[in-house]
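Comments concern the structure below.
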Amino acid sequence: MALLNHATKEITAKLVYYGPALCGKTTNLQWIHEH
0 MALLNHATKE ITAKLVYYGP ALCGKTTNLQ WIHEH
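Under numbering that gives the first Met the number 0, think of the first position of the sequence shown as 0, with each following residue one higher.
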């Protein structure tokens with residue numbers, strides 16, 4: 000469940016990634032963090 004903060008226009012959510020090694024999980028999270 001996501002938490003919405005209307006005052007700061009922020010959305011806080013938990014992401015759970017599951018899968019084999021070297022399938023792009025870490026790369027995907029790094030891209031999300033950068034943007």
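Note that CB positions come from ideal geometry on N, CA and C, so glycine has one too.
For residue i, name the three-state secondary structure that DSSP assigns.
i      : result
Thr-7  : coil
Leu-28 : helix
Counting only the same chain and skipping the five closest in sequence on each side, list residues whose C-beta sits under 7 angstroms from that of residue i.
i      : result
Leu-3  : Ile-10
Lys-24 : Tyr-16, Gly-18
Is the beta carbon of residue j closer than 8 angstroms to that of residue i?
i     : j      : result
Ala-1 : Ala-12 : yes
I need the straight-line Cα distance from residue i to residue j, nearest angstrom please.
i     : j      : result
Ala-6 : Cys-22 : 37 angstroms
So, at 8 angstroms on beta carbons, what are the nonlocal neighbours of residue i in its own chain, with the 5 sequence-adjacent residues on each side left out?
i      : result
Asn-27 : Tyr-16
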